[in-house]
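Q: Here our numbering is used: the first residue of the sequence shown is 1097, the next is one more, and so on.
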Amino acid sequence: MYHFNFTPVFENFDLLLYGAWLTIRLSFAAMILGLIVSVLGAAARTSHSKVLHAIVGAYVEIIRNTPFLVQIFFLYFGLPAIGISLDPNVAALIALVINVGAYGTEITRAGIESVPNGQIEAGRALGLGPIQIFRYVILKPALRNVYPAMTSQFIYLMLTSSVVSTISANDLASIGADLNAKTFASFEIYLVVTGIYLVLSLLFSGLFKLIQNAVFNYPASR
């Protein structure tokens, strides 16, 4: 019979909370930067420039068709071969941004293409320039249309961030692994770590819901 022993968890719970904070900080930074990459990538994919379209298209296909673990290993272990060495936390952030940016580009592109042409023509009739049309007429409705899909991708990003522990980046998973190596209370530690990730997912979902109500809560015909 297995005897449960949560004493090591309670004694080191402050470290697990610190790991949760590191995961939140890493994920939030990757979400913000990834959103910027997604918007810029979608703008390039829907532009009339064949060069930009081809470059961004290649980037999206490469990232979406290769494992995230291989991508982060390439950044951290592969780049030093050509003289580029990255701190584990920096490599983790870059890998997350590159990964979510590729998926976000396609999500945002779908949102942009869902905006009616009549709405764009109305913007031109009002004398708006291309940048103004993209910012005021296209982008906000596009983000509203794809907001659920984008936030789901961001939550998946937060869960995927646990992979960065494989390169010794600081996050909840890495601290859990360190505690497991010291205490050998594998079941108890990873049960609590799983619960913390579940709580983080629910917190991010609630935050995204508040943002949706604050930013996109207006009639669709407006």
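Ideal placement from N, C-alpha and C gives every residue a C-beta, glycine not left out.
Could you tell me how far apart the beta carbons of residue 1257 and residue 1119 are, in whole angstroms, since I believe they sit closer than 8 Å?
A: Your numbering for residue 1257 matches position 161 in the sequence shown. Your numbering for residue 1119 matches position 23 in the sequence shown. Right, their Cβ atoms sit about 6 Å apart.
Q: Ignoring anything shorter than 4 residues, give me the alpha helix (DSSP H) runs that lie fully in the segment 1134-1209, in order along the chain.
A: 1146-1160, 1164-1169, 1184-1209
Q: Using the three-state DSSP reduction, which class does residue 1286 fall into: helix, strand or coil?
A: Walking along the sequence shown from the start, residue 1286 turns up at place 190. In this structure, residue 1286 counts as helix in the three-state DSSP scheme.
Q: Using only the alpha-carbon positions, how far apart do residue 1303 and residue 1186 sit?
A: One-based indexing of the sequence shown puts residue 1303 at position 207. One-based indexing of the sequence shown puts residue 1186 at position 90. If you take the alpha carbons of residue 1303 and residue 1186, they lie about 25 Å apart.
Q: DSSP three-state label for residue 1267, please.
A: The residue you call residue 1267 lines up with position 171 of the sequence shown. Three-state DSSP puts residue 1267 in coil, outside helix and strand.
Q: Under a three-way DSSP split, which group does residue 1211 fall into?
A: On the sequence shown, residue 1211 is found 115 positions in, with the first residue counted as 1. Of the three classes helix, strand and coil, the one that applies to residue 1211 here is coil, per DSSP.
Q: Answer yes if the segment 1252-1268 comes into contact with the segment 1105-1118, meaning at least three C-beta pairs across the two stretches below 8 Å, and no otherwise.
A: yes
Q: Please list, in chain order, all residues of the same chain as residue 1224 whose beta carbon is under 8 Å from its beta carbon, the five residues on each side excluded.
A: Your numbering for residue 1224 matches position 128 in the sequence shown. 1232, 1233.
Q: So, with DSSP's three-state summary, where would you put residue 1241?
A: Within the sequence shown, numbered from 1, the residue matching residue 1241 stands at position 145. Note: residue 1241 maps to helix in three-state DSSP.
Q: According to the neighbour-count rule (16 or more other Cβ atoms, all chains shown, within 10 Å of its Cβ), is residue 1294 buried or exposed?
A: On the sequence shown, residue 1294 is found 198 positions in, with the first residue counted as 1. Residue 1294 should be labelled exposed.
Q: Quick one: give me the first and last residue of the alpha helix (DSSP H) that residue 1103 is part of.
A: As a position in the sequence shown, residue 1103 is number 7, starting the count at 1. Residues 1103-1107.
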